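S.K.: Quick one: this structure, given as structure tokens, is what I'll be asking you about.
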Amino acid sequence: MENAQPRKNQSPITYLKPAKGWLPVDFKELWRYRELIFFLTWRDIKVRYKQAVLGIAWAILQPLLTMLIFTIIFGVLLKTPSQGLPYPLFTLSALLPWQLFATALQRSSVSLVGNANLITKIYFPRLAIPLSTVFAALFDFTISIVVLLGVMAFYGYWPGWKILWLLPIVIFTFLTAFSVGLWLSALNVQYRDVQHMVPFLIQVWMYASPIVYPIETIPEGVWRVLYGLNPMVGIIQGFRWALLDGNPPDATSLISAVMVLILLVSGLYYFRRMEKTFADIV
Amino acid sequence: MSDIAIRVENISKRYRIGLAQSRPDTLRDFLTFQFRQIGHFFSRSKKNRYEGPGYIWALKDVSFEVDRGQVMGIIGRNGAGKSTLLKILSRVTDPTEGFGEIHGRVGSLLEVGTGFHPELSGRENIYLNGAILGMRREEINRKFDEIVEFSEVGKFIDTPVKRFSSGMYLRLAFAVAAHLEPEILVVDEVLAVGDAEFQRKCLGKMNDVAQQGRTVLFVSHNMSAILRLTQEAIVLDGGKIVMRAPTPEAVDYYLNMGLTKQGERFWRSEEFVHEHNPFQPVALRVLNTQGEVVDTVNAADGFDITLEYQLPSAVNNLRVGLYMMTTRGEFVFTSFDTDDPEMFQKYSARPAGRYISRCHIPPNLMNEGRFVLGVNASSYRIQRFFQDDKALTFTVNAAGAPGSHWPEKRLGPVRPQLDWKIEKVEE
């Protein structure tokens, strides 16, 4: 496939046969299609801000405005405790990974259906579609991280060496969003209920994550363990800890990590199993 | 060149139909569906679940080989399985049964402009579309100028394509696809769109591809394109290969398929969409001057074409049309039964009943040869009730036509009696 020139006996052989059983993810093929993933990501970013007067500024405004609303309602009016941090900073540091997750979720759930015209006409690894959607959400995230650093500077917080932890945490967030995105995108191909459900899912999920309130609000013991099943708990906790201070991730994060692993493996499995029928039922 | 490029063995593809009943589309259906599945599990063997009215075989036991460098045509009516076959070959969907192997990179032109985004500029779309079709960025860079030149969109290249005229859009889309260099090219009906100039250009490009020794699979309803580009063709009908032969033979077979009697064509009721179809064709006939149903008519005598049909209820603004085509797929004329304003006044609203629309072809109009009749019933710009592009073929005999004292063949599908005057203008 690397070579465009027809050459005798060197051309790759493709086998056509009914898909059966467990299909491993073909990472080599995915790598070969990296340029397609790049262009799909680039298209998503480009198209999103086309014909918007404020353009890319929306990526800055969205977390800032949400921060403002939460600060007024939860910080000022309800006087929610914030681990000794200024409330705006407390909530913004959680909103960043949260919005990365929520945007990725929302977009990837409709990604396969939205690209139905491609799926029914041309072959490429279908994983490229949810993958590029999550990459595009990562772009917004990168911009908003600059905003967070600005707000931190405003309150006189300087990140220490722990900021290096940000990279693994972001990768972990990416994987979490991708895993859930895999499930939702594949399910949505067959059951359009999913796309109606996702906004509620995101809303519930947000209140089930320590964004507007600190994790200490949840009673220790069984409740805290159950709470930790939500991977965003560990992510947000780690994110805050790496940038500001607060409490370092604990055993709860470990539960989150296991959850994500389960979601990812099962998501890939389900996606690969359904992939062969996308073109027929989308 | 005895290398094999494509080999498929007993490829079959099953689709589910009647989706509303048999396939869950919403969660509620899903739950009831699951319960029924459990019921099926206990009551019937697994095999039975896939047979019966809920499933159709779009392809059944299709086997063939295509040699490297061969240009193969695939023809068949709508629903014969052509597109399904191409989708399987280009790996968009999997066969339900069977096996196949493809030697080389496959590029598909299943629809021009797949993946174009209206908000993006022409330049951006070239890169995006190129990547979608499987080109590498470096490859697109290299061919970029060539693509722009071929598309003739020139200075609009940085304008969003949503502002393009449909012609420009098509040209750009085809230009990208045409510069793909796969070893095997799969083409489905790309020529069905665009103006004559565009089609000429597309055919030229396709010809180039074929000349370069690449394997091409070409699906089209355009018989003249099939005849021009391919040496061999496969005829599909009802999901099966009914013929594989040199193209002229295959095209002739295809055009004559499904005729009940020479000079006459009946429609079976299952060919309508459903029994409530407001327009139900009964028969199309070619009649000589004595009113006999015939396969061969004399151009010098003229002849009649009749379409008999049933209207279960009154239909407004109905017009019944005839298309005359050559066997190479070129149109000779299109005519409607209410072309005449007076006829339109009188018959555009037709009460329920059985009708015959009769078209008289005057003497000395058609040239000799074999012709294809297509029929169409529609209300202008509102609804198409029925269409059959190749309902019937018949032969025109030129005996006694103008100029037949010269026993030579004349070019063109018509051989009209024209008024000539000869004047002497100088001594």
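Residue numbers (this note's numbering), protein chains in the order written: chain A, 496 to 777; chain B, 3 to 429.
Yeah, the Cβ is synthetic: ideal placement off N, Cα and C, and Gly gets one too.
Just so you know, these numbers come straight off a predicted model, no measurement behind them.
Any beta-carbon of chain A closer than 8 Å to the one on B/Arg51?
M.R.: With a pLDDT of 48 at B/Arg51, under the threshold of 50, the predicted position of this residue should be treated as unreliable, though the coordinate-derived value follows. Not closer than 8 Å to any Cβ of chain A, the Cβ of B/Arg51 fails to qualify, so no.
S.K.: Could you pull the start and end residues of the beta strand (DSSP E) that B/Arg386 belongs to?
M.R.: Start and end: Gln385 to Asn399.
S.K.: Leaving out five residues before and five after B/Pro120 in sequence, what residues of the same chain have Cβ atoms less than 8 Å from its Cβ?
M.R.: Closer than 8 Å at Cβ, skipping near neighbours: Pro162, Val163 and Lys164.
S.K.: What did DSSP end up calling A/Ala752 once you bin it into helix, strand or coil?
M.R.: Looking at A/Ala752 - three-state DSSP - the assignment turns out to be helix.
S.K.: When DSSP labels each residue in this structure, what does A/Ile776 get in the three-state scheme?
M.R.: A/Ile776 falls in the helix class under three-state DSSP.
S.K.: Which value, in whole angstroms, describes the spacing of the CA atoms of B/Gly75 and B/Gly304?
M.R.: About 36 Å.
S.K.: Going by other Cβ atoms of all chains shown within 10 Å of its Cβ, with 16 needed for buried, is A/Asp775 buried or exposed?
M.R.: It counts as buried.
S.K.: Among A/Trp718, A/Val755, A/Pro744 and A/Val684, which one has its Cα closest to the Cα of A/Thr615?
M.R.: Comparing Cα-Cα distances from A/Thr615 to each of A/Trp718, A/Val755, A/Pro744 and A/Val684, the minimum goes to A/Val684.
S.K.: Taking DSSP as the reference, what is the three-state secondary structure of A/Thr509?
M.R.: The answer is strand: DSSP assigns A/Thr509 an E or B state.
S.K.: Strictly below 7 Å CB to CB, what residues from chain A border B/Ala133?
M.R.: Going along chain A in sequence order, the residues near B/Ala133 (Cβ under 7 Å) are Glu530, Leu531 and Phe534.
S.K.: If I follow the unbroken beta strand (DSSP E) through B/His105, where does it start and stop?
M.R.: Where B/His105 is concerned, the enclosing beta strand (DSSP E) stretches over Glu99 to His105.
S.K.: I need the straight-line Cα distance from B/Thr262 to B/Asp190, nearest angstrom please.
M.R.: Caution applies to B/Thr262, whose pLDDT of 43 falls short of 50 and renders its modelled position unreliable; the value that the coordinates give is listed next. The straight-line gap from Cα to Cα measures roughly 30 Å.
S.K.: With C-beta atoms as the reference, is B/Leu182 less than 8 Å away from B/Met137?
M.R.: In contact: B/Leu182 and B/Met137 (Cβ atoms closer than 8 Å).
S.K.: So, at 8 Å on beta carbons, what are the nonlocal neighbours of B/Glu11 in its own chain, with the 5 sequence-adjacent residues on each side left out?
M.R.: So the qualifying residues of the chain are Ser65, Gly100, Phe101 and Gly102.
S.K.: Can you name, in chain order, every residue of its own chain whose Cβ lies under 7 Å from the Cβ of A/Gln601, other than the five neighbours on each side?
M.R.: Within the same chain, A/Gln601 has close Cβ partners Val693 and Ile697.
S.K.: What does A/Leu613 touch in chain B if you count any residue whose Cβ is under 7 Å from its own?
M.R.: Those are Thr116, Gly117 and Ile134, listed as they occur along chain B.
S.K.: What residues in the segment 89-104 of chain B have a beta carbon less than 8 Å from any beta carbon of chain A?
M.R.: The segment 89-104 of chain B vs chain A, Cβ under 8 Å: Lys89, Ile90, Leu91, Ser92, Arg93, Val94, Thr95, Asp96, Pro97, Thr98, Glu99, Gly100, Phe101, Gly102, Glu103 and Ile104.
S.K.: Take B/Ala403 as the anchor and find which of B/Thr217, B/Val334 and B/Pro365 has the nearest alpha-carbon.
M.R.: The residue with the shortest Cα to Cα distance from B/Ala403 is B/Pro365.
S.K.: If we define contact as Cβ-Cβ less than 8 Å, is A/Val684 a contact residue for chain B?
M.R.: Chain B contact via Cβ: absent.
S.K.: Taking the alpha-carbon positions, what's the B/Val275 to B/Glu126 distance?
M.R.: Reliability of the predicted coordinates at B/Val275 is poor, the pLDDT of 49 falling under 50, and the value obtained from them is presented with this limitation in mind. Answer to the nearest angstrom: the Cα atoms are 42 Å apart.
S.K.: Note down, in chain order, every chain B residue with its Cβ under 7 Å from the Cβ of A/Asp775.
M.R.: The contacting residues are Tyr17 and Thr95.
S.K.: So for B/Trp59, helix, strand or coil by DSSP?
M.R.: If DSSP states are grouped into helix, strand and coil, B/Trp59 belongs with the strands.
S.K.: What first and last residue would you give for the alpha helix (DSSP H) that runs through A/Gly609?
M.R.: Residues Tyr582 to Gly609.
S.K.: Starting from A/His691, trace the alpha helix (DSSP H) both ways and give me its first and last residue.
M.R.: Run containing A/His691: Asp688 to Tyr702, per the alpha helix (DSSP H) assignment.
S.K.: Just curious, the alpha helix (DSSP H) that B/Arg144 is in, first and last residue?
M.R.: Element bounds for B/Arg144: Arg139 to Ser153.
S.K.: For A/Leu511, which residues in chain B fall below 9 Å Cβ to Cβ?
M.R.: Result: Val10, Ile13, Ile90, Leu91, Arg93, Asp96, Pro97, Gly100, Phe101, Gly102, Glu103 and Ile104.
S.K.: Under a CB-based cut-off of 8 Å, is B/Gly121 close to chain A?
M.R.: The sequence given here places Glu at residue 121 of chain B; Gly does not occur at that position. Closer than 8 Å: yes.
S.K.: Short check: CB of B/Tyr311 to CB of B/Phe281, under 8 Å?
M.R.: Cβ atoms of B/Tyr311 and B/Phe281: closer than 8 Å.
S.K.: Compile a chain-ordered list of the residues in the segment 614-630 of chain A whose CB is closer than 9 Å to at least one CB of chain B.
M.R.: Those residues of the segment 614-630 of chain A that come within reach of chain B (Cβ to Cβ, closer than 9 Å) are Ile614, Thr615, Lys616, Ile617, Tyr618 and Phe619.
S.K.: Over the uninterrupted alpha helix (DSSP H) stretch that includes A/Val665, give me the two end residues.
M.R.: Segment Leu661 to Gln685, the alpha helix (DSSP H) holding A/Val665.
S.K.: Keeping to the same chain, check which residues put their C-beta closer than 8 Å to that of B/Ser350; ignore five residues upstream and five downstream.
M.R.: Excluding residues within five positions, the ones whose Cβ falls inside 8 Å are Asn318, Asn319, Leu320, Arg321 and Thr340.
S.K.: Going by alpha carbons, who is nearest to B/Phe396 out of B/Leu135, B/Ser14, B/Met259 and B/Pro343?
M.R.: Of B/Leu135, B/Ser14, B/Met259 and B/Pro343, the residue nearest in Cα terms is B/Met259.
S.K.: Spell out the partners DSSP gives B/Arg9 in its beta bridges.
M.R.: In DSSP, B/Arg9 forms a bridge with B/Glu67 and B/Glu103.
S.K.: Is A/Gly645 buried or exposed, if buried means 16 or more other CB atoms sit within 10 Å of its CB?
M.R.: Classification of A/Gly645: exposed, given that the 10 Å Cβ count is below 16.
S.K.: Pick helix, strand or coil for A/Thr712, following the three-state DSSP scheme.
M.R.: Here A/Thr712 sits in helix by DSSP.
S.K.: Mind pulling the chain D residues with CB within less than 7 Å of B/Arg138?
M.R.: Checking the listed chains, one finds no chain D in this structure; the protein chains it contains are A and B.
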